[in-house]
Each structure stands twice: as structure tokens, then as C-alpha cells.
Amino acid sequence: MRTLIRPAISLFLLLSALIGLLYPAVVTGVAQTVFPAAANGSLIVKDGKPIGSELIGQNFTAPKYFWGRPSATAPMPYNAAASSGSNLGPLNPALVDAATDRAAALRAADPDNTRPIPVELLTASASGLDPHISPAAAEFQAERIARARQIDTQRVRQLVAQHTVGRELGMLGEPRVNVLKLNLELDARP
Amino acid sequence: MTQHAWLLLGLYLAALLLLVKPLGAYIVQVTEGRLGFAGRIEGTVFRLCGIHRDEEMGWPRYALAIILFNALGLVAVYALQSLQLWLPLNPQALANVTPDSAFNTAVSFVTNTNWQGYGGEATMSYLTQMLGLTVQNFLSAATGIVVVIALIRGFVRHTAAGIGNAWIDLFRVTVWLLLPLSLVFALFLASQGVIQNFAAYQEVTTLEGSTQTLAMGPVASQEAIKMIGTNGGGFFNANSAHPYENPTPLTNFLQMLAIFLIPGALCFVFGRLVGDMRQGWTVFAAMAVLFVAFEVPAMIFEQQGNPLVEKVGAGETAMSTTALLDGNLEGKETRFGIADSALFATITTAASCGAVNAMHDSFTPLGGMVPLVLMQLGEVVFGGVGSGLYGILVFALLAVFIAGLMIGRTPEYLGKKIEAHEMKMTSIAILVTPLLVLLGTAVAVMTEAGRAGIANPGAHGLTEILYALSSVANNNGSAFAGLSANTPFYNGLLAVAMWFGRFGVIVPVLAMAGSLAAKKRIPVSAGTLPTHGPLFVALLIGVVLLVGLLNYVPALALGPVVEHLTLWSTK
């Protein structure tokens with residue numbers, strides 16, 4: 000037993016220093032040198048101030064902006080310091096209640112739109128910080144945004160198309176639109 | 000299942016198959032000590048640490064070394080959490096973690112479970128994440144790998160007293176295998192948007208004028224080993240669903256690949272070391288068949304969606320555009336959709352990873368049953384690094400034993416007679432986890448403290464508890480996360496299940512390695528049952544499924560099956 004203790008402790012300390020301190024330090028050093036923007040959170044800077052991250056969604060409630068996925072983070076939606084999903088089970092009445100509220104808000108903001116609401120606009124994302132919606136969910140909102148901004152719907156659709164990203168390698172992931180970047184574009188080029 | 004989902008599955012398996020052989024060949028070099036450049040460094044390190052290069056350990060000493068080494072990890076992770084407020088690299092001044100949660104987390108990361116009762120960004124300092132959790136991500140993975148290497152030596156060696164040197168094995172696997180892989184993967188992840196910094200949380204003013212606080216940290220370095228070591232403990236609460244952990248479909252694909260990478264390659268290592276590649280590919284084939292058989296239903300049920308939610312969104316006209324995302328999207332990210340989420344869920348629970356890119360608690364009843372059952376089978380479908388292979392080899396011994404009974408011959412595997420001692424150890428290794436799962440679930444549902452954690456009403460509540468126990472006892476770590484498990488009751492119960500679920504299997508496996516190594520090798524004869532080829536693949540799959548089903552069908556019937564029937568009858 001005693002002959003095991005020295006190797007155990009010294010090997011543990013040595014490996015801890017190597018993989019717990021040196022390894023993260025090297026990764027940080029290289030990442031901060033070679034791709035600092037990505038390593039620091041892919042921040043979007045406007046007039047010298049960070050206004051968000053292109054990877055982290057924001058909460059949108061104004062009719063003139065595209066709305067992203069519902070977020071179940073607490074205490075407020077899109078809390079990027081406490082990511083979380085809803086964890087509601089498929090039969091939980093709270094799941095249907097939440098979806099009903101979201102549907103009501105979407106219908107109230109755009110009463111003339113009687114098309115079915117895409118499921119992703121009724122269901123909370125896994126992280127509560129999802130930056131994307133599908134092109135279909137953007138299309139569903141296009142007329143509302145055009146009306147609120149008093150611009151042509153075709154112009155809105157054009158911007159959506161410009162910001163749509165397809166599947167990577169044609170197979171990975173889903174086609175999607177970055178909501179924050181799209182809204183920034185709407186503000187910048189009315 | 001959509002065409003896209005089939006393509007994705009095909010691409011995944013093809014990529015895996017392509018990587019298994021080269022990595023497997025490299026692992027053989029590492030564990031056999033044949034790396035040319037390593038000698039000088041190893042000489043210095045071993046001298047410094049008092050490790051004798053020529054010492055061969057018998058199985059009790061090997062097991063003791065492993066347990067001692069892991070116990071040190073337990074102390075270190077507990078201490079770091081309990082003192083983090085006074086230690087450096089804590090820009091958010093996060094408080095010291097409560098004793099019960101710190102204990103649970105320490106056991107969790109040491110046992111390669113990475114069950115998380117806490118939310119990372121609101122609980123753990125950067126130092127705790129690096130020096131505590133990242134270190135255990137490496138060392139628990141190395142532990143699993145060295146145990147399976149020791150077991151393989153048991154088959155390879157004959158009339159031998161030792162099964163290797165635990166210190167040398169741990170050092171080589173950590174430094175020459177896990178570290179370089181993680182370094183490369185971490186840098187790639189960082190290039191794609193996984194953050195890697197020591198900054199304080201960043202405050203921004205959003206477009207609509209409110210304040211958003213962006214959690215920061217050294218994520219990429221932890222993320223890489225989290226997947227490569229089938230650990231699965233997220234830097235953030237949302238794990239691989241968080242855009243800073245898993246920003247794009249490409250990083251997602253590579254994370255999925257990283258989970259099966261070493262478990263797949265170890266099948267190759269097994270074949271190479273026992274000198275018969277057919278043995279390795281047979282095990283690989285059994286795993287692959289089981290994997291596809293479980294992946295397809297997960298995909299189908301998630302794509303089918305939740306009829307109750309779809310009714311809410313119904314409209315008067317048809318949906319207008321293409322590129323529509325549908326299915327059960329509660330708890331899923333848009334960039335991953337159904338296909339990448341269902342595939343990830345299957346992989347992470349087939350292996351003992353437990354990272355999630357979607358919330359399993361919100362899966363459809365049968366879609367969520369797939370990860371649950373995969374864990375309950377003992378995570379032998381590729382499984383954890385090392386633990387998956389030693390798990391399925393234990394089932395292989397059971398399979399030759401059953402076949403031996405049927406044809407009336409002494410069972411043998413790879414030239415070793417399987418006798419009473421091996422069968423005893425096999426039985427312990429196979430039965431310890433179901434015992435922990437079922438007894439633990441029973442205790443939790445019978446006590447007030449256990450039921451208090453349930454978040455969802457009805458049959459789903461039972462599934463939440465069953466899932467938690469299945470996850471921890473099999474060292475997976477994924478959760479039906481609605482369960483409020485950060486309570487003294489659950490922190491204690493689950494920690495016990497994790498510890499015995501890990502070492503209650505490792506010790507009998509090492510005991511078996513020891514007794515196998517001591518045996519003579521018997522030549523192949525006309526009466527030897529071939530343990531390669533389609534017949535043995537079918538036998539092995541049959542045994543894995545039979546044991547799993549016998550253990551869990553009643554519990555599953557009361558949980559996900561009831562829920563499925565209820566959901567579609569209320570439609």
C-alpha cells in the first residue's frame with residue numbers, strides 16, 4: 000500500500016498541473032492570438048459598444064423586429080448567465096399553456112395572418128439562447144414586420160433570403176436565419 | 000424518417016469507420032509503450048514519481064492503484080469547490096459550493112458520469128472548471144481505457160501474474176492519447192466560436208434596450224475532452240445546446256464523432272492485441288447494429304412531433320414556405336432541428352457521454368425512451384471510453400457461457416476457459432447496475448424527499464426518476480433535467496449509485512483480467528465455438544437485449560409506455 004501512495008500523489012499532481020493549468024493556458028494563448036473574436040464570444044460591436052453576440056439570441060417583443068425562439072430561462076427570457084430549457088414533458092399542461100400564450104401573442108401582433116404557426120415559434124429552445132429561427136418561421140413574420148416598418152414585404156423577404164444559411168455540407172443541421180443579425184440589418188437599411 | 004436524417008446517419012457511420020483504424024493503431028502504440036519520442040520523457044517522469052518501469056501489478060494491486068488515484072481526484076474536486084471563493088480565477092465571485100452538491104459533483108466527475116445537479120455558469124469558478132472538472136474529464140477517461148487494456152491483457156497473456164502497471168498505463172493514455180486529441184479539437188472548436196477566455200461575464204445592451212449578461216470562460220479546452228473522454232459534463236447548464244459550447248452544425252457533427260471515436264477505435268485495439276481482427280470487428284458490428292436499431296425509432300418519434308402543441312398552432316390556410324422545421328421542437332435548437340438532436344441523444348446515451356444538445360425531458364415519450372433504454376443496457380453500444388468495451392466483453396463471456404450450456408461444452412473465449420470464478424465476476428458486473436437503478440428508483444418514489452424533486456406530473460414523473468438513476472448508475476450523466484436533483488437527498492443517493500456503478504464493475508472486471516491472465520491458453524479445437532462472424536454477433540446482441548429487457552420492462556411499461564398511450568389517446 001505504502002509503495003502506491005508516492006506514485007499516486009506525485010502522478011496526480013503532475014498530471015493535474017499539465018492538463019488542468021498548462022493545457023487550458025495553451026489553448027487560451029493560441030485561441031486569443033489566432034482567432035480572438037471567436038474566443039471572446041463573437042461579439043457584435045456598434046459605435047464602440049458591444050450590443051450582443053452573434054451566437055447568443057436576444058429577446059424581441061416589438062412588432063417591428065423578428066421574434067426568435069421562445070426562451071425558458073429564468074428570471075427573464077434569454078438570460079445568457081443562466082442557460083436552460085423548459086424541461087416540460089410532452090403531456091405537461093404547462094407546455095400547452097405556454098404554447099397557447101405564445102400563439103395568442105403572435106396572433107395579436109398580426110391579426111390578419113391566419114396561417115398555421117410554425118412549431119418552433121411555440122416551443123422553447125434547449126438553451127433558451129437559440130440565435131436562430133428557420134426560414135419558414137421568418138416568412139411567417141415577414142408581413143408583420145413590413146407593416147410595422149411601413150416597407151414593402153418583398154424587401155423584408157429579400158433580407159431574410161440574404162441572411163438564410165443552408166445546411167453545412169448539404170447535410171448537417173438545418174437551414175436557419177440569425178434573428179439578431181437580421182434585425183440589425185433591418186434597422187441599418189430600412 | 001426523412002431522407003436527410005438517413006443521409007446524416009450514413010455520413011456519421013462512414014466518418015466513424017474511417018477514423019477507427021488509424022486511431023486504433025495509434026492507441027496500440029501508446030499502450031504498448033512503442034512511441035519512439037516518449038521514452039526520455041517517461042524515464043524522467045517515472046523516476047520523479049517513484050514509478051518502476053518494470054513493475055507488473057497483479058489485479059488487486061492494479062485495482063487498488065486505480066481506486067487510490069480516483070480517491071485523490073475526489074478530494075481535489077471537493078476541495079476546489081469548497082474553497083473557490085478564496086481561490087483565483089473567480090471573476091464572478093461565485094460562492095463556495097454546498098457540501099452535498101460538492102460531494103455529488105466530485106463523485107460524478109471522478110466516475111466519468113458528469114451528472115450535474117448544478118448549473119455551470121452560475122456555480123463553478125474558472126479554476127474549479129479547469130483544475131477540478133477538466134482534470135477529472137481526462138483522468139476518469141484514462142481510468143476507463145486502462146481498465147479495458149488490462150482486461151485485454153488478461154486474454155492475451157497466459158500463465159502470467161501481472162496485468163500491467165496502472166501508473167504507466169494512466170500516464171501514457173492521458174498524455175499521449177487524450178491530451179493531443181483534445182488540444183487539436185479544442186483549438187478547432189475555438190476557431191468556430193466556442194469561447195476560450197478568462198474574462199468576467201460580459202454585459203451588453205440589447206437591441207430592445209435591456210441588459211444581457213453573457214457568461215464567459217475557458218470553455219473550448221473543457222469541451223474537447225468532455226466529448227473525447229465520453230464525459231459529458233457541460234461548462235454551461237445547457238451543455239452542448241449552448242451556442243458557446245456548440246455553435247454550429249459542423250461543431251455538432253464533430254462532437255458526435257468525438258464521442259464514438261475512442262470507443263470505436265478500442266474495438267480495433269482489441270482485435271489487434273488478441274491477434275485476431277475478426278474478434279474486434281465482431282464486437283464493433285454488434286455495437287453498430289444495436290446503434291442503428293435504436294437511432295431510427297428516436298428519429299421517427301421526434302419527427303412525429305407532439306400533437307397537443309401542433310393543435311395550438313393550427314391555422315386556416317396551408318403553411319406557405321419550404322424549409323419548414325417541424326416535429327417535436329420543445330427543448331431543441333433550431334440549428335440542429337430534429338435529425339441532429341435525435342442522433343446526438345442516441346449517441347450520447349449509447350456511449351456513457353451524457354452531453355446533450357437537446358433537452359431529453361421534453362422528448363416525446365418513446366423518443367425519450369430510446370436514450371433511457373440505451374443507458375439501461377449498460378452502455379455497451381460503443382459505450383464509454385474503455386467502459387463500453389469491457390462492458391460488452393463481459394456480455395460476450397455471458398454469451399459464450401449460455402452457448403456452452405446449449406451445446407454441452409466448457410465455454411471458452413479467445414483461448415481461455417471460462418470457469419466459475421469468471422462467471423461470478425461476470426454476474427456481479429452485469430447485475431450491480433440494474434440493482435442500483437431499480438432499488439434507487441424504488442427508494443426515491445417511496446420517500447417524500449424523492450417525490451419532491453419531480454417536475455412533470457403523471458407517468459413522466461416516474462420516468463424522470465428512473466432516468467436519473469439509470470443515468471448515474473451507468474455513469475452516463477444526461478438527465479431528464481426537470482427533476483430537481485440538487486437536494487441533499489438526491490445528491491447523496493445519486494453519488495452512491497455513481498460510485499458503485501463505476502467501481503462495482505471495474506473491480507470485478509479487473510479480477511477477471513487477473514484470473515484470465517493466470518490461465519493457460521487452450522488450442523482451438525473442433526468443439527470451440529467461433530466467437531466471430533454473424534452468428535456470434537446475433538448471439539451477443541441477443542444476450543445484451545435479453546438481460547436489459549428482463550431487468551427493465553416493468554419499469555418502462557409504467558413510465559414512457561403509459562405516457563405514449565396517454566398522449567396519443569388525448570389527441
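If you read the sequences in order, they're chains A and B. Numbering that gives the first Met the number 0 applies: residue 0 is where the first sequence begins, and numbers increase by one. Numbering that gives the first Met the number 0 applies: residue 0 is where the second sequence begins, and numbers increase by one. All residues carry an ideal CB built from backbone N, CA and C; glycine is no exception.
Hey, how far is the Cα of residue i from the Cα of residue j?
i         : j         : result
Ala556(B) : Pro6(A)   : 49 Å
Leu90(A)  : Leu566(B) : 6 Å
Pro76(A)  : Val288(B) : 42 Å
Gly233(B) : Ala419(B) : 42 Å
Leu515(B) : Ala189(B) : 45 Å
Ile337(B) : Ala349(B) : 18 Å
Leu249(B) : Asn230(B) : 20 Å
Ala79(A)  : Pro134(A) : 24 Å
Asp111(A) : Glu309(B) : 20 Å
Leu10(B)  : Met0(B)   : 15 Å
Val27(B)  : Val399(B) : 26 Å
Pro578(B) : Thr347(B) : The requested residue 578(B) does not occur in the structure, where chain B is confined to residues 0 to 570.
Ala64(B)  : Trp166(B) : 8 Å
Phe274(A) : Gly547(B) : Since the first residue of chain A shown is 0 and the last is 189, residue 274(A) is not available in this structure.
Val96(B)  : Ser124(B) : 10 Å
Arg166(A) : Asp339(B) : 11 Å
Val74(B)  : Lys20(B)  : 38 Å
Asn245(B) : Gly118(B) : 17 Å
Leu78(B)  : Pro62(A)  : The sequence shown places Ala at residue 78(B), rather than the Leu named in the question. Computed Cα separation, rounded: 51 Å.
Asn111(B) : Ile144(B) : 11 Å
Ile505(B) : Cys352(B) : 17 Å
Ser82(A)  : Asn236(B) : 6 Å
Gly172(A) : Ala313(B) : 26 Å
Pro130(A) : Ala147(A) : 22 Å
Ala104(A) : Leu121(A) : 10 Å
Ala73(A)  : Val172(B) : 41 Å
Leu342(B) : Phe335(B) : 10 Å
Leu181(A) : Ala145(A) : 13 Å
Any beta-carbon of chain B closer than 8 Å to the one on residue i?
i         : result
Glu142(A) : no
His162(A) : no
Gln57(A)  : yes
Leu179(A) : yes
Ile116(A) : yes
Arg175(A) : yes
Pro49(A)  : yes
Leu158(A) : no
Within 8 Å (strictly less), CB to CB, does residue i reach chain A?
i         : result
Thr316(B) : yes
His3(B)   : yes
Met123(B) : no
Asn356(B) : yes
Leu430(B) : no
Ile50(B)  : yes
Indicate whether residue i and residue j have their beta-carbon atoms separated by less than 8 Å.
i         : j         : result
Ile132(A) : Val164(A) : no
Tyr22(A)  : Leu178(B) : yes
Leu365(B) : Pro296(B) : yes
Phe108(B) : Val146(B) : no
Val536(B) : Ala284(B) : yes
Val178(A) : Gly56(A)  : yes
Thr345(B) : Gln303(B) : no
Ala428(B) : Leu539(B) : no
Gly153(B) : Glu55(B)  : no
Glu332(B) : Ser52(A)  : no
Under a Cβ-count criterion, where at least 16 other Cβ atoms within 10 Å of its own Cβ denotes burial, should residue i be classed as buried or exposed?
i         : result
Trp85(B)  : exposed
Lys423(B) : exposed
Arg450(B) : exposed
His51(B)  : exposed
Met255(B) : buried
Ile40(B)  : exposed
Compute the minimum distance between the beta carbon of residue i and the heavy atoms of the ligand GTP, and state whether it is under 7 Å.
i         : result
Ala240(B) : Summarising the ligand content, the structure contains no ligands, and the ligand GTP is consequently not present.
What are the residues of the stretch 108 to 121 of chain B that lie near chain A, defined by any Cβ-Cβ distance shorter than 8 Å? Gly118, Glu120 and Ala121
Listed in chain order, which residues of the stretch 361 to 378 of chain B have Cβ atoms closer than 7 Å to some Cβ of chain A? Ser361, Thr363 and Pro364
Contact set between the stretch 27 to 48 of chain B and chain A, restricted to residues whose Cβ is under 8 Å from the partner: Val44, Leu47 and Cys48
According to a CB-to-CB cut-off of less than 8 Å, which residues of the stretch 29 to 41 of chain A neighbour chain B? Val29, Ala30, Gln31, Val33, Phe34, Ala37, Ala38, Asn39, Gly40 and Ser41
Residues within the stretch 76 to 96 of chain B neighbouring chain A, beta-carbon criterion of under 7 Å: none
Residues in the stretch 322 to 345 of chain B with C-beta within 9 Å of chain A's C-beta atoms, listed in sequence order? Ala322, Leu323, Leu324, Asp325, Gly326, Asn327, Leu328, Glu329, Gly330, Lys331, Glu332, Thr333, Arg334, Phe335, Gly336, Ile337, Ala338, Asp339 and Ser340
Which residues of the stretch 187 to 208 of chain B have a Cβ closer than 8 Å to any Cβ of chain A? Give them in chain order. Ala189, Ser190, Gln191, Gly192, Val193, Ile194, Gln195, Asn196, Phe197, Ala198, Tyr200, Gln201, Val203, Thr204, Thr205, Leu206 and Glu207
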